[in-house]
Amino acid sequence: MISPQNVLRHELIGLDVLVVRASNPDHAGVSGRVTDETRNTLVILTGRGEKQIPKRFSVFRFRLPDGTAVDVDGSSLETQPERRIGMRIR
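Using numbering that gives the first Met the number 0, the first residue of the sequence shown is number 0, and each one after it goes up by one.
Here's what the structure looks like:
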């Protein structure tokens with residue numbers, strides 16, 4: 000079960016997300032659903048199409064299936080998704 004304590008170790012695709020802060024001011028405030036993830040970016044489906052947001056220098060607010068909102072620093076997500084899911088979180 001995904002929770003605020005283990006969100007980094009779970010699949011992010013399908014979660015609703017809001018970009019709370021970003022180095023590029025055009026990215027701040029982008030919201031939608033995560034449709035893809037690479038080592039360095041999240042792809043978010045918005046009302047205006049897909050946006051590719053760099054993980055580094057961004058803060059994301061994910062809405063978990065139970066409705067809980069969790070803020071995550073993008074630099075902590077910056078690895079290949081399949082490796083991040085299997086790693087230990089300190």
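Glycine residues also receive a C-beta, built at the ideal position from the N, C-alpha and C atoms. All of these numbers come straight from a predicted model, not from anything done at the bench.
Spatial neighbours of I12 in its own chain (CB-CB distance under 7 Å, excluding positions within 5 residues in sequence) are listed in chain order as V33, T34, D35 and E36. Cβ-Cβ separation between V69 and L63: approximately 6 Å, consistent with a contact (criterion under 8 Å). Rounded to whole angstroms, the separation of the alpha carbons of S22 and P80 is 22 Å. For L41, the CB contacts under 6 Å within the same chain, skipping 5 residues up- and downstream, are V33 and I52 in chain order. Distance from the CA atom of L14 to the CA atom of P24, rounded to whole angstroms, is 22 Å. Ranking N39, R38 and T45 by CA distance to the CA of S30 puts T45 first. Minimum Cα-Cα distance from G66 among the listed residues H9, E49, R82 and V16 corresponds to V16. Comparing alpha carbon positions, the residue from S74, M0 and Q4 closest to F56 is S74.
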